[in-house]
Every structure is written in C-alpha cells, then in structure tokens.
Amino acid sequence: MRYQRTLKKAITFKGIGLHTGRKTKVTLRPAPRDTGIVFVRTDRDTVIKATIKSVVDTAFATTIGYNGTRIKTVEHLLSAFGGLGIDNVIVEVEGPEIPILDGSSTELVEIILNAGISQLSPPKSYIKITRPIYIEDGHSTIMALPYNGRKITYTIHFKHTLFSSQTLTIELTEESFIKEIAPARTFGFLKNVETLRANGLALGGSLDNAIVIDDNGILNESGLRFENEFVRHKILDLIGDMSLIGYPIEGHIIAEKAGHSSHIKFLKTLINSKESWQIVAPHQERIYSYAYVF
Ligand SMILES: [Zn+2]
C-alpha cells in the first residue's frame, strides 16, 4: 500500500515537440487528492483529463484532446508520473505538444524529483488483475495475467540485420523505472523520416532527441544507452499509456509487436472486462464495482 502523491512545488520546463517542431513551455503544478493527471492547454483555455476517453490519436505518439483542442506526445511525461507514482498533477501546456527533451523520460524524472514529491493522506487505490485478459490487434498481442506485483514483458521484432528481436521482463518499481526504463530513448528508421515529415510528423526530430536507425546501424555517434534500448523504450511508452487508466495495475502485462494504438485498445478491453479485475481501495478495505469507477 502507498499513499497518493503530488509534487511539492510547481516547476517549469521548455523544449521542442518531436512531431510539431514547436517550442512549448510546460508547468507542472501540485494538485489535491483524487484530482488525477489533468492537462490544461493554457493558450486555448482548455482542460483535458488524462484518461483513455481523452485519447484522439495514436499514430507515432499518444495524443489527447477535448472539443478539437489537442496535446500531442503525452506518453513520456505520463510514463514519468506512472513510474514515480505521481497521482495528482496539473500540467499546464502553452502549445500543441509536450517537449521531447532527449527522447527519454530521464529529464522528466529529474524535473519531478527537483520539484519534490509530496504525500497526500488517502492511500492510492489500484487495479488488481484477477483473470487473464487477451487481445489480438493485427500483428500485435497484449495480455494481462494475475500477478502479485507489477510486471511487464515486452517483445519487439525488427526486419534488420543488426537488430532482430528484443524481449525484456521487468518488475516495475520506482527504482527499476528510474534506472532501467526512463533513460531509454524513442527511435525511428531513417527510411521512414521523409514520409513522416510529409505527413507533418517528426518535424522536431533529430539525433539529439531520437535514435535513428539505417541499414548499417544507428546514426547517433554516442551509441546506445542499453544494448536493448528499443524494447526498454517500448516499455516506457506502455507505462505512459497505462497511466491513462488512472490506477496502477497489479498484474503481469505481456505485449508483443505492440504500439500506442494496441496499448489503448487493450486498455479499453481491460476496462470492459469487468470479471477480470477489481479495484482495491486499501483505506476503505473495499473492492469497488466496475460501475462505481468508470
Ligand atoms: Zn515513446
């Protein structure tokens, strides 16, 4: 059991968006108990709650929106909140996208730790997987199994002579997130860059904020941070997308060849699989029914 958490004080950071290339300022502010993660597009006066229902696009990033106003690439910031167990924050954003920074969540973790973490009085409720849940989505599969803890197994396959497949299983704790997952950067293939840019994506992408792969290897002179940095980043993305459900998930999540779109489909299936999970609310020693929560 752990208590709900927020930040000790407000903190601001700036940077460019990976896809829009736009420079944006973000301020993270402490929020009271049971607020959840709430984004505010301050230039549009629009509030967008970080929930599955707010997801409006999953192509190459997770985009949330409300009434036509959008915020792109929220997943790395959400992953930092999910990985550190930050439950209540107001995220003020002055533009259309969360800055990509170095392409990982490491700087975001540092920003949050610099602001400090403050404990709020009620214990945090969580979702406990009680029966297996499984989806197939094109070539992707994702399942959740009952497990006493938070475990993720992710497998990716590349058609590349140097990088073929990578699998990693991790017990998710704040320590393992900070050391093993947060530093893993986003990545892309050089051959896709032109098409992405023609579609208005990856406009802010560079070797400073992404690993770029061509037929001969990676273009970044500094090399990789981990031999299997790619699969670690996929786990980072999954943790970010899972945080949209609003509760930590106790169980073993196993994903293969997945991405933002299948992550969100899986989470929607999970919400609707009422017989496969319970909400455990430690402070009231109660297990809420589905109808109460969603
Ligand atoms: Zn990512």
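Just add 798 to the spot in the sequence shown (first one is 1) and you have our numbering.
In this text, a Cβ means the ideal position worked out from N, Cα and C, and glycines have one as well.
In terms of Cα proximity to VAL891, the closest of PHE837, ARG1023, VAL1010 is PHE837.
Chain-ordered, the residues whose CB falls short of 5 Å from any heavy atom of ligand 1 come out as THR984, ASP1035.
Remark: C-beta atoms of ILE909 and ILE1033 do not approach each other more closely than 9 Å. Under the criterion of beta carbons closer than 8 Å, ALA1056 and ILE940 qualify as touching, at roughly 5 Å. 9 Å or more divides the Cβ of ALA859 from the Cβ of VAL889. An exposed status is given to GLU969, since fewer than 16 other beta-carbon atoms sit within 10 Å of its beta-carbon. Where PHE837 is concerned, the enclosing beta strand (DSSP E) starts and stops at 835 to 839. Comparing alpha-carbon positions, the option among ILE1037, VAL872, ILE884 lying closest to GLY893 turns out to be VAL872. Inter-residue distance for SER1059 and ASN865 is about 21 Å (C-alpha atoms, whole angstroms). Here VAL845 has VAL838 as same chain residues with Cβ atoms under 6 Å from its own Cβ, once five neighbours each way along the sequence are excluded.
Closest in alpha carbon position to GLY947, among LYS957, GLU972, THR953, GLN964, is GLU972. For ILE927, the uninterrupted beta strand (DSSP E) run begins and ends at 924 to 927, by DSSP. Sixteen is the threshold: when 16 or more other Cβ atoms of the shown chains lie within 10 Å of the Cβ of HIS874, as they do, the residue is buried. In this structure the region 813 to 824 lies against the region 989 to 1008, because at least three pairs of beta carbons, one per stretch, are closer than 8 Å. Beta-bridge partners of VAL824 (DSSP): PHE811, VAL891.
Restricting attention to LYS807, GLY1003, LEU1042, the CA atom closest to the CA of ASN912 is found in LYS807. Taking THR928 as the centre and dropping the five residues before and after it, the same chain places the C-beta of PRO944, SER1074, TRP1075, GLN1076 closer than 7 Å to its C-beta, in chain order.
By the Cβ neighbour-count rule, ASP885 is buried, with 16 or more other Cβ atoms within 10 Å of its own. By DSSP's assignment, GLU969 forms a beta bridge with LYS949. Assignment of ASP1035 by DSSP, reduced to helix, strand and coil, places it in the helix class. Scanning ILE1037, ILE1009, LEU1042 for the CA closest to the CA of HIS1050 turns up ILE1037. For VAL1029, same chain residues with a beta-carbon under 6 Å away, outside a window of 5 residues either side, are TYR952, ILE954, GLN964, LEU966 in chain order.
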